[in-house]
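So for the sequence shown, the numbering used here puts the first residue at 28; every next one is plus one.
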Amino acid sequence: MGKDEAQRRIEELRILLRENSRKYYVENAPDMSDQEFDFLMHELEALEAAYPEFYSPDSPTQRVGSDLGSEFVKRAHRYPMLSLGNTYSISEVEEFAARADKLLESGFSYCCELKFDGTAICLTYTGGRLTRALTRGDGTMGDDVTRNALRISNIPHTLKGDFPEEFEIRGEILMPYASFEALNRERADEGEAPFANPRNAASGSLKLGDSEEVAKRGLWCTLYHIPAQSVPFDTHYEALSKAASWGLPVSEHIKLCNSIEEIRAFIDYWDVARRSLPYATDGIVIKINELSAQRSLGYTAKSPRWAVAYKFKAEQACTPLLSIDYQVGRTGAVTPVANLAPVQLGGTVVKRATLVNADQIAALDVRVGDSVYVEKGGEIIPKITGVNLSLRPADVLPPAFPALCPDCGTPLVKQEGEAKWFCPNQDGCPTQIKGRILHFMGRKAMNILAGEATVEQFYAASLVKTPSDLYKISKYQLMSLEGWQDKAAQRFLDSLEDSKKVPFERVLFALGIRFVGESTARDIALHFGSIDAIASASKKDLLQISDVGEVVAGSVYEYMHKDAHMEEIGKLRLIGLKFEVTGGSDSVSAALAGKTIVVSGNFSISRDAMKELIAAHGGKCASSVSGSTSFLLAGSKPGPEKLRKCDQLGIPVISEDEFSKLLPSSEKNEAVQELTLF
Ligand code: IVH
28 MGKDEAQRRI
38 EELRILLREN
48 SRKYYVENAP
58 DMSDQEFDFL
68 MHELEALEAA
78 YPEFYSPDSP
88 TQRVGSDLGS
98 EFVKRAHRYP
108 MLSLGNTYSI
118 SEVEEFAARA
128 DKLLESGFSY
138 CCELKFDGTA
148 ICLTYTGGRL
158 TRALTRGDGT
168 MGDDVTRNAL
178 RISNIPHTLK
188 GDFPEEFEIR
198 GEILMPYASF
208 EALNRERADE
218 GEAPFANPRN
228 AASGSLKLGD
238 SEEVAKRGLW
248 CTLYHIPAQS
258 VPFDTHYEAL
268 SKAASWGLPV
278 SEHIKLCNSI
288 EEIRAFIDYW
298 DVARRSLPYA
308 TDGIVIKINE
318 LSAQRSLGYT
328 AKSPRWAVAY
338 KFKAEQACTP
348 LLSIDYQVGR
358 TGAVTPVANL
368 APVQLGGTVV
378 KRATLVNADQ
388 IAALDVRVGD
398 SVYVEKGGEI
408 IPKITGVNLS
418 LRPADVLPPA
428 FPALCPDCGT
438 PLVKQEGEAK
448 WFCPNQDGCP
458 TQIKGRILHF
468 MGRKAMNILA
478 GEATVEQFYA
488 ASLVKTPSDL
498 YKISKYQLMS
508 LEGWQDKAAQ
518 RFLDSLEDSK
528 KVPFERVLFA
538 LGIRFVGEST
548 ARDIALHFGS
558 IDAIASASKK
568 DLLQISDVGE
578 VVAGSVYEYM
588 HKDAHMEEIG
598 KLRLIGLKFE
608 VTGGSDSVSA
618 ALAGKTIVVS
628 GNFSISRDAM
638 KELIAAHGGK
648 CASSVSGSTS
658 FLLAGSKPGP
668 EKLRKCDQLG
678 IPVISEDEFS
688 KLLPSSEKNE
698 AVQELTLF
C-alpha cells in the first residue's frame with residue numbers, strides 16, 4: 028500500500044471507528060459487530076505503526092471509547108479508567124506471556140478471569156459505605172450514577188470486615204439473560220424498540236434518569252479490579268479475595284495459572300462452559316498477578332501492559348441463502364441483503380443478513396442456493412462470513428449486481444476508491460429523498476416526532492421532497508391524511524416548532540452530509556461557529572480541525588458548493604432553524620467557538636485536560652501553527668519551533684492566565700477543578 032492510500036485508509040478507519048464507538052458507548056445501538064470493530068481497530072493500529080508520520084493523539088487507537096452522556100454530573104476518575112488490549116488469537120496471548128517473561132526479572136503468575144460483557148463501573152467506598160459510582164466515561168471523566176448503583180441488588184451499600192478507609196473497585200454491570208428477555212418482552216408490548224443485546228440493555232439501564240426504574244431492571248454487578256495504588260496488597264488475587272471477604276461481589280470463576288498451557292486450558296474450558304452461564308461473557312482476561320510486576324510493566328495510553336483479553340469468536344450458524352435484495356440507503360449507496368432460511372443464532376432467529384457490497388459477494392464467492400455461514404457478534408444486523416462449498420448445488424451461478432437503481436432505475440455508478448455502487452439520482456430517487464427526511468427528523472438530529480411510515484405517507488401525498496417542506500405542512504393537510512387526528516397532528520406540529528431550538532451542531536448533522544456523523548458535525552460547528560463560516564471555508568480551513576481529514580473535508584466542501592444545498596439551507600434559515608453556535612447543551616460555553624488553538628508547553632493541568640477544556644468551551648485544537656491559528660496557548664517550556672512560527676506569521680501567543688480570562692469565570696473554575704483532580 029502506498030503512502031497516499033495508507034493515509035486515506037487511516038482516515039477512513041478513524042471516521043468509522045469514532046462513529047461506531049459513539050453508537051456503541053453512547054447510543055447503546057452499535058451497527059457493527061465487536062469482532063469487526065476490533066479487526067478495524069487492529070488494522071488502524073498496524074497502519075499507524077507502519078506510518079508514524081500520521082500519528083494523531085485523537086486517533087481511536089489512542090483513546091478509550093466514551094460513554095459520557097449529557098444527563099449526569101461528570102466527575103474525574105482518580106486513576107484513569109482504561110481499556111484492555113484484545114486479541115482473537117492464542118499466539119498473541121503467547122506473545123503477551125513471552126514479553127512479560129522477558130521484561131520481568133522475578134517470577135510471576137497469571138490470574139485468568141472471565142471477560143464480562145456489560146458496561147464498566149467504578150465504585151468508591153469510604154468508611155465502608157458506597158459513596159460514589161462512576162461509569163468509565165472517556166476514561167478521564169465518568170458519569171456519576173451513584174443513585175442508580177445503589178439500586179442494583181448485589182452492590183452492597185456497606186461493607187463488613189477489615190476494609191481500607193477509602194478505596195476504589197472496578198467491575199462490570201451486567202444484565203442477566205433472564206432480565207434481558209423480560210425487558211425486551213415488555214418493550215415489545217409497549218411498542219418500543221428492543222435492545223440488541225444484554226450489554227446495550229445494561230448500559231442503557233444504568234444511565235436511566237429514574238433510579239426506581241433501574242431497580243426494576245434486574246441488573247447485576249461483578250467486580251474484578253482494585254487499582255493497585257488504592258490498596259496495600261501483593262497480588263491481584265489477594266486483593267479480589269479480600270474484596271470478597273468485605274462482602275463485595277467477585278466472580279468465583281477465576282484461576283491462578285503458571286504456564287501458557289494452563290491458560291489455554293482455562294480458555295478452552297470456558298469457550299464451551301460459558302454457554303451455560305446466566306449472563307454474557309465475550310472472552311477471558313489474563314492478568315499478571317503480582318502487583319509489583321504490574322507496576323513495572325505499566326500502561327500504554329489506552330490499556331495496561333500487564334493484562335490482555337482473549338476474545339471468543341462470534342457464534343456462527345450455517346443456513347441456505349434463498350435470495351438477495353439490493354437496498355438503497357439515504358446516501359444512494361446500494362447494499363446487498365441476504366434472505367436466509369430462518370436459523371437460530373445467539374438466542375434469536377436470523378432471517379436476513381448483510382452482504383456489505385459487491386466486492387464482498389465476489390470475495391466470498393456467495394451464490395443464491397449456497398449454504399452460508401452467518402455471524403452475529405452483538406450487533407443488530409448479522410453478517411455472512413463464508414460459504415460451505417461442500418454443500419454447493421451443481422447449478423448455482425454468481426449473482427449479477429444490478430446495473431440500475433432498484434428503486435428509480437437510474438444506472439448505478441461506482442467512484443474510484445469507493446467499495447459501494449451508488450444511485451446518482453440524489454434529487455429524484457424516492458428512497459434517498461425519504462431517507463434524508465427520516466435522517467433529518469431523527470432523535471439525534473432535529474427530533475421531530477414521526478417515523479418511517481409517516482415519511483412514506485408525506486412523500487406519497489407529495490407533501491415533502493426536502494426537509495424544509497416539512498415546515499410547510501398545515502394541520503388541515505395532516506388531518507386529511509389517513510389515520511391522523513387532532514392530537515397527533517398537534518404533537519407533530521409542536522415538535523416541528525421545538526426543532527427550531529435545536530442547536531446548530533445538530534442541525535448540521537441533520538443535513539446528512541456524507542461522512543459527517545454526530546461528533547464530526549459537532550466538531551465542525553464548534554470550530555467555525557456558523558454555517559456561513561463553513562460555507563466559505565476552504566478545504567485547507569476544514570483540515571485544521573484535528574479529526575477532519577481529506578475525506579470529510581472534501582465531502583463538506585462539495586456539499587457547501589452545491590446550489591441546491593445552499594438554497595435549502597437558505598429556506599431552513601428563513602424558517603428559523605439555528606445556523607450559528609449559541610452555546611450548546613453539551614458544551615460548557617461557546618466562549619472559544621470559532622477559535623483554532625495550538626497548545627504547547629506544560630500547564631497547571633495536563634495537556635489533555637487543557638484540550639478538553641478548550642473543546643468544552645467550543646474551541647478547537649490544532650497540532651501545528653498555521654495561518655488559521657487563532658492563538659498559541661503557551662505553558663512553561665513551549666516548543667521553540669511553534670513560537671518561531673507564531674512570530675513569523677504574527678499569531679498571538681497567550682499565557683495560561685490570559686487564557687483563563689477568556690472563559691466565563693464560574694464555569695471555568697468548575698471545569699478546571701474537575702480536571703485538576705488528576
Ligand atoms: S480488568 C485496566 N477484568 O473489558 C483495565 N476488565 O474490553 C482493567 N472487562 O474495560 C480491566 N471483564 O470494562 C478486567 N475480568 C475483567 C473484565 C474486564 C470485562 C471489561 C472492562 C474493560 C473491557 C475491555
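Backbone N, C-alpha and C fix where the C-beta goes; we use that ideal spot for every residue, glycine too. A quick note: this is a predicted structure, and the numbers were derived from the prediction, not measured.
Open item on the list: Count Cβ pairs between the segment 74-87 and the segment 123-130 that sit closer than 8 Å; are there 3 or more?
Closed with: Proximity of the segment 74-87 to the segment 123-130 falls short of the contact definition, fewer than three beta-carbon pairs being nearer than 8 Å.
Task: Residues bridged to Cys648 (per DSSP) - done: Ile624
TODO: Report yes if the CB atom of Gln343 is closer than 8 Å to the CB atom of Ala255, and no otherwise.
DONE: no
- [ ] Indicate the three-state DSSP secondary structure (helix, strand or coil) for Phe686 in the structure shown.
- [x] helix
TODO: Classify Phe222 as buried or exposed, calling it buried when 16 or more other Cβ atoms lie within 10 Å of its own Cβ.
DONE: buried
Task: Per-residue burial, Asn224 [other beta carbons within 10 Å of its own, 16 or more giving buried] - done: buried
TODO: Leaving out five residues on either side along the sequence, give the residues of the same chain with a beta carbon under 6 Å from the beta carbon of Leu601.
DONE: none
Open item on the list: Taking the alpha carbon of Leu40 as the reference point, which residue from Thr114, Asp574, Phe658 has its own alpha carbon closest?
Closed with: Asp574
Open item on the list: According to DSSP, is Cys248 part of a helix, a strand, or is it coil?
Closed with: strand
Task: Cβ separation of Gly198 and Val91, assumed to be a contact under 8 Å, to the nearest whole Å - done: About 16 Å separates the two Cβ atoms, so there is no contact after all.
- [ ] Check Gln256 in the structure and name its three-state DSSP category.
- [x] helix
- [ ] Quick one: give me the first and last residue of the beta strand (DSSP E) that Gln343 is part of.
- [x] 343-355
- [ ] Have a look at Ile42 and Gly231 and give me their C-alpha separation to the nearest angstrom.
- [x] 24 Å
Open item on the list: Report the start-end ranges of each beta strand (DSSP E) in the segment 175-216 that is 3 residues or longer and not cut off at the edges.
Closed with: 193-201
- [ ] Can you grab the Cα-Cα spacing for the pair Met202 / Leu246, in whole Å?
- [x] Looking at the backbone, the Cα of Met202 and that of Leu246 are separated by about 5 Å.
Task: Those runs of the alpha helix (DSSP H) which lie wholly inside the segment 482-532 and span at least 4 residues - done: Entirely contained in the segment 482-532, the alpha helix (DSSP H) runs reaching 4 residues are, in chain order, 494-497, 502-506, 513-525.
Open item on the list: Counting C-beta neighbours from all protein chains within 10 Å, is the total for Arg518 16 or more, i.e. buried, or is it exposed?
Closed with: Label assigned to Arg518: exposed.
Open item on the list: Which residue marks the beginning of the beta strand (DSSP E) containing Val361, and which one marks its end?
Closed with: 360-372
- [ ] Compute the distance between the beta-carbons of Lys329 and Asp309, then report whether it is under 8 Å.
- [x] no
Open item on the list: For a test of the three-state rule: what should DSSP assign to Leu569, helix, strand or coil?
Closed with: helix
Task: Enclosing beta strand (DSSP E) for Lys142 [first to last residue] - done: 137-143
Task: Inter-residue spacing [alpha-carbon to alpha-carbon] between Asp144 and Ser319 - done: 28 Å
TODO: Would you tell me roughly how many angstroms separate the C-alpha atoms of Ser522 and Leu476, rounded to the nearest one?
DONE: 6 Å
- [ ] Quick one: give me the first and last residue of the beta strand (DSSP E) that Leu659 is part of.
- [x] 658-661
Open item on the list: Are there any heavy atoms of the ligand IVH lying less than 7 Å away from the beta-carbon of Glu199, as far as the coordinates show?
Closed with: yes
Task: Three-state secondary structure assigned by DSSP to Ile315 - done: strand
TODO: May I ask which residues mark the beginning and end of the alpha helix (DSSP H) holding Thr167?
DONE: No alpha helix (DSSP H) holds Thr167; DSSP gives it neither H nor E.
Open item on the list: Is Pro87 a contact residue of the ligand IVH, with contact defined as CB to any heavy atom under 7 Å?
Closed with: No, since every heavy atom of the ligand IVH falls outside the 7 Å radius drawn around the Cβ of Pro87.
Open item on the list: For Phe555 and Phe658, what's the separation of their Cα atoms in angstroms?
Closed with: 15 Å
TODO: Please confirm whether any heavy atom of the ligand IVH lies closer than 7 Å to the CB of Ala336.
DONE: yes
Task: Local conformation of Phe428 per DSSP, three classes - done: coil
Task: Exposure of Pro409, with buried meaning 16 or more beta-carbon neighbours within 10 Å - done: Result: buried.
Task: Residue range of the unbroken alpha helix (DSSP H) whose run includes Val423 - done: Per DSSP, Val423 is not a residue of any alpha helix (DSSP H), being assigned neither H nor E.
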